[in-house]
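Asks: Chains as they are written, first to last, in the working numbering: chain A, 1 to 253; chain B, 254 to 506. Idealized CB from N, CA, C, for every residue including glycine.
There are 2 protein chains.
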Amino acid sequence: MTVASLEDPTPEAALEFIEAEMAADAMITIVGECIVDYTGRTDSFLPAGERLVVLKPDGTLLVHRMEKRTPVNWQPPGCIHQPAVEDGVLTVQSTRRDPEEVVDIEFRTVLQVSAMRLADGRELDLVGTEEDLRQRILADPTLVEDGFTPQDTERWNVAGPADIYGEDAAGRPVIVELKRRRVGPDAVSQLKRYVDEFVRDTGHEDVRGIVVAESLTENAKALADREGLEFIPLAPPEDSVTGTTATLDEFGD
Amino acid sequence: MTVASLEDPTPEAALEFIEAEMAADAMITIVGECIVDYTGRTDSFLPAGERLVVLKPDGTLLVHRMEKRTPVNWQPPGCIHQPAVEDGVLTVQSTRRDPEEVVDIEFRTVLQVSAMRLADGRELDLVGTEEDLRQRILADPTLVEDGFTPQDTERWNVAGPADIYGEDAAGRPVIVELKRRRVGPDAVSQLKRYVDEFVRDTGHEDVRGIVVAESLTENAKALADREGLEFIPLAPPEDSVTGTTATLDEFGD
DNA sequence: CATTTGATGTCGGAT
DNA sequence: ATCCGACGTCAAATG
Chain A
1 MTVASLEDPT
11 PEAALEFIEA
21 EMAADAMITI
31 VGECIVDYTG
41 RTDSFLPAGE
51 RLVVLKPDGT
61 LLVHRMEKRT
71 PVNWQPPGCI
81 HQPAVEDGVL
91 TVQSTRRDPE
101 EVVDIEFRTV
111 LQVSAMRLAD
121 GRELDLVGTE
131 EDLRQRILAD
141 PTLVEDGFTP
151 QDTERWNVAG
161 PADIYGEDAA
171 GRPVIVELKR
181 RRVGPDAVSQ
191 LKRYVDEFVR
201 DTGHEDVRGI
211 VVAESLTENA
221 KALADREGLE
231 FIPLAPPEDS
241 VTGTTATLDE
251 FGD
Chain B
254 MTVASLEDPT
264 PEAALEFIEA
274 EMAADAMITI
284 VGECIVDYTG
294 RTDSFLPAGE
304 RLVVLKPDGT
314 LLVHRMEKRT
324 PVNWQPPGCI
334 HQPAVEDGVL
344 TVQSTRRDPE
354 EVVDIEFRTV
364 LQVSAMRLAD
374 GRELDLVGTE
384 EDLRQRILAD
394 PTLVEDGFTP
404 QDTERWNVAG
414 PADIYGEDAA
424 GRPVIVELKR
434 RRVGPDAVSQ
444 LKRYVDEFVR
454 DTGHEDVRGI
464 VVAESLTENA
474 KALADREGLE
484 FIPLAPPEDS
494 VTGTTATLDE
504 FGD
């Protein structure tokens with residue numbers, strides 16, 4: 001695949017280029033000084049400045065500045081991008097339905113326009129998510145507690161959207177809330193809600209609620225204590241990149 | 254400002270270009286087939302495919318595919334980008350401290366490299382945030398209820414991080430949770446937490462908790478009812494873009 | 001610095 | 001379609 005590009009095009013040349021490439025499902029990048037106007041869930045106005053604008057064929061729009069990971073303005077996939085030249089100025093309007101949102105970009109200069117069709121079939125393989133943690137615990141429930149037995153993943157309906165539902169050694173119902181990392185009051189609050197709903201739905205007052213996470217903030221700890229919820233620390237599986245050099249012993253084997 | 258660009262450069266040429274431009278605090282874009290390896294809070298691997306890579310001078314890294322608003326891989330501001338040529342292949346390594354995170358990119362082809370220094374002094378002006386809603390209510394407390402009087406706008410120490418704290422016509426304490434849009438159980442749960450903490454800290458059992466939002470989901474409504482919390486619908490101020498064409502009357506002036 | 005919460009959050013899965 | 005919760009969430013304000 002190649003990348004086609006125009007340097008310092010006239011607005012008309014840029015428009016012709018963009019229209020042709022959009023019709024061919026290309027991704028477009030535009031570098032230039034622009035004004036960005038957004039109306040939708042909120043409204044925003046971005047005065048003139050130089051930015052990198054990306055138009056994706058799936059309807060995504062990105063306006064990036066020199067700083068930050070988050071674009072200063074954007075439009076999610078599914079939008080319609082409409083480029084035009086109005087009064088000799090290149091504009092792009094991106095519209096969305098439900099919610100109704102519009103981003104208007106007006107270019108005062110166009111330094112570069114590029115178009116590319118990127119061949120990219122493979123998917124991202126992400127490891128270490130909360131779901132992975134869940135599988136790890138289902139495979140070895142003693143990570144939660146000796147005698148803990150998760151119930152069939154299917155009849156988890158009983159515990160609503162709880163991450164894991166099971167019984168302890170004494171047969172008491174247990175609702176587990178999983179988090180990969182240090183958690184605050186919100187996660188504890190969430191578990192509290194599931195526990196309350198379980199009691200309400202089943203009448204079982206003796207249910208236990210357990211947060212399994214890397215750690216708890218102080219406020220979260222206090223809240224858990226107040227609400228009678230438990231916490232079990234669980235470090236990530238030891239493969240982490242935490243950079244400590246291997247001990248000599250490990251080479252001694 | 255200009256945009257410098259190389260088409261189909263050799264890895265060595267690309268490296269030289271990138272190093273020079275990074276030294277000059279430029280933002281770099283690289284289009285090419287690449288493999289992306291991430292290790293950090295989780296781990297991920299992205300097999301070979303063509304992508305658009307952006308290196309910002311503030312240490313941000315973006316890897317974008319043809320779809321989605323969210324980059325498939327990234328690094329937040331503050332990271333160190335290290336380009337190199339290894340075994341005749343262009344690579345970029347972006348590292349971060351605390352948490353320790355590394356993104357490794359290996360380019361199998363480089364279709365285009367560009368560099369730009371974008372002049373962009375102005376800030377985004379965003380209107381319609383929750384803070385704006387808060388100001389709207391402080392300016393006109395009857396939006397919540399007749400007789401509602403917000404207390405010390407300053408440090409709401411009394412009511413924790415509640416959005417608004419005040420008293421109703423009868424002098425009962427009121428904690429208000431604001432949301433701009435339709436809210437689910439999480440927001441109700443949050444308000445419940447603030448109310449509980451207020452009761453615990455002050456002993457005032459007669460506190461009211463009110464959700465002020467566009468609307469509530471059914472579950473959120475049920476939860477609010479169970480917990481004795483109130484809901485007050487509040488539409489955005491009427492300026493919305495809701496797209497209805499202007500009536501002829503408006504042109505009649 | 002850690003904590004907490006909002007966000008034009010985005011995104012995917014389940015109902 | 002809506003609802004719901006995770007996210008490598010990000011980013012800002014506060015203590």
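Beta strand (DSSP E) containing A/Phe107: first to last residue?
Replies: Counting along the chain, the beta strand (DSSP E) containing A/Phe107 begins and ends at Glu101 to Phe107.
Asks: Once you ignore the five residues that flank B/Pro300 on each side, which residues in its own chain have a CB closer than 7 Å to its CB?
Replies: Correct list, in chain order: Ile288.
Asks: Taking C-beta to C-beta, are A/Ile18 and A/Pro71 nearer than 8 Å?
Replies: Not closer than 8 Å, so no.
Asks: So if I threshold CB-CB distances at 8 Å, which residues from the stretch 295–307 of chain B count as touching chain A?
Replies: Against chain A - using a Cβ distance shorter than 8 Å - the residues of the stretch 295–307 of chain B are Thr295, Asp296, Ser297, Phe298, Leu299, Pro300, Ala301, Gly302, Glu303, Arg304, Leu305 and Val307.
Asks: Does the pairing of the stretch 138–150 of chain A with the stretch 114–123 of chain A give three or more beta-carbon distances under 8 Å?
Replies: Counting Cβ pairs under 8 Å, fewer than three are found: no touch.
Asks: Whose C-beta lies closer than 8 Å to the C-beta of A/Thr217 among residues of the same chain, with five residues either side of it excluded?
Replies: Contacts found: Arg182, Val183, Gly184 and Pro185.
Asks: Per DSSP, which residues does A/Leu61 bridge with? Please list them.
Replies: For A/Leu61, which the question treats as bridged, DSSP gives the partners A/Leu55 and A/Gln75.
Asks: Pick helix, strand or coil for B/Ser347, following the three-state DSSP scheme.
Replies: Three-state DSSP puts B/Ser347 in a strand.
Asks: Quick one, which residues of the stretch 394–426 of chain B are near chain A if we go by CB-CB under 7 Å, in chain order?
Replies: Taking 7 Å as the Cβ-Cβ cut-off against chain A, none of the residues of the stretch 394–426 of chain B qualify.
Asks: Report buried or exposed for B/Asn472, applying the criterion of at least 16 other Cβ atoms within 10 angstroms of its Cβ.
Replies: With fewer than 16 other Cβ atoms within 10 Å, it is exposed.
Asks: Could you work out which residues of chain A lie near B/Thr313, taking near to mean beta carbons separated by less than 8 Å?
Replies: Near B/Thr313 (Cβ distances below 8 Å), the residues of chain A are Glu67, Lys68 and Arg69.
Asks: Run the CB neighbour count on B/Arg425, radius 10 Å, all protein chains shown included, and call it buried at 16 or more, exposed below.
Replies: Exposed.
Asks: Could you check the C-alpha separation between A/Cys79 and A/Gly40 for me, to the nearest Å?
Replies: Rounded to the nearest angstrom, the two C-alpha atoms are 13 Å apart.
Asks: Who are the Cβ neighbours of A/Glu154 in its own chain at under 7 Å, not counting the five residues just before and after it?
Replies: Caution applies to A/Glu154, whose pLDDT of 47 falls short of 50 and renders its modelled position unreliable; the model cannot decide the point.
Asks: From B/Val427 to A/Glu100, what distance separates their C-alpha atoms?
Replies: Straight-line Cα distance between these residues: approximately 34 Å.
Asks: What is the DSSP secondary structure of A/Ala213, counted as helix, strand or coil?
Replies: Strand.
Asks: Quick one: complete alpha helix (DSSP H) runs, 4+ long, within the stretch 173–239 of chain A?
Replies: Counting only runs of 4 or more, we get 185–202 and 218–227.
Asks: Does the stretch 3–14 of chain A come close enough to the stretch 87–96 of chain A to have 3 or more Cβ pairs within less than 8 Å?
Replies: Yes: at least three Cβ pairs fall under 8 Å.
Asks: Does any CB atom of chain B fall closer than 8 Å to the CB of A/Ala119?
Replies: True, the Cβ-Cβ gap to chain B drops below 8 Å.
Asks: Quick one: grab the DSSP three-state call for B/Val397.
Replies: The answer is coil: DSSP assigns B/Val397 none of H, G, I, E or B.
Asks: Can B/Pro330 and A/Lys68 be called in contact, C-beta distance under 8 Å?
Replies: Yes, they are a contact pair.
Asks: Strictly below 9 Å CB to CB, what residues from chain A border B/Gln365?
Replies: Correct list: Thr2, Val3, Ser5, Ser114 and Met116.
Asks: If you drop the 5 nearest sequence neighbours on each side, which residues of the same chain put their C-beta closer than 8 Å to that of B/Arg433?
Replies: Here the set comprises Gly381, Thr382, Glu383, Leu386, Ala466, Glu467 and Pro489.
Asks: Compute the Euclidean distance between the alpha carbons of A/Gln75 and A/Leu61, then round it to the nearest angstrom.
Replies: Distance between the alpha carbons of A/Gln75 and A/Leu61: 5 Å.
Asks: Tell me the rounded alpha-carbon separation between B/Tyr447 and A/Glu230.
Replies: When rounded, the distance between both Cα atoms is 21 Å.
Asks: Return helix, strand or coil for B/Met254, following the three-state DSSP convention.
Replies: If DSSP states are grouped into helix, strand and coil, B/Met254 belongs with coil.
Asks: Counting only beta-carbon separations shorter than 8 Å, does B/Val380 have a partner in chain A?
Replies: So, interface residue.
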